[in-house]
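Worksheet: one structure, shown below.
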């Protein structure tokens, strides 16, 4: 019997081990990409609410790259929203120098609104 056999039906190579042919499978994505807050939030969401998508990405070896891509998109959108809303409302560094506590309250308000927008547009869609 041959050591390696290729099956045209399913496109897999098989290796002879003892009396049985075992498929030669290779895991993809050896190096996991760094994932931030948004990626972890998205991962938790698809695990709980979209298990078919989660399993498809996991079994296809594309889960980590997909999560990292979503994390980058969400972080970029969040930064842009923070900047745009702060500009529109006139929250500047000069305002921070004059009244720090009001500045902190307004920035926290802007951060919460930006998080809600990113959650609705990217994470939970």
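In my numbering, the protein residues as written are 2 to 126.
Each residue gets a CB set at the ideal place from its N, CA and C atoms; glycine is no exception.
Computed from a predicted structure; not experimentally measured.
Is there contact here, the segment 82-95 with the segment 107-121, by at least three beta-carbon pairs under 8 angstroms?
yes
Please classify residue 67: is it buried, with 16 or more other beta-carbons within 10 angstroms of its beta-carbon, or exposed?
buried
Starting from residue 52 and walking both ways along the alpha helix (DSSP H), at which residues does that stretch end?
52-60
Sub-8 angstroms separation of residue 125 and residue 46 beta-carbons
yes
Assuming contact is defined by CB atoms lying nearer than 8 angstroms, are residue 69 and residue 44 in contact in what I supplied?
In this structure, residue 44 does not lie closer than 8 angstroms to residue 69 by Cβ.
Taking only three categories from DSSP, how would you classify residue 103?
DSSP, read as helix, strand or coil, puts residue 103 in helix.
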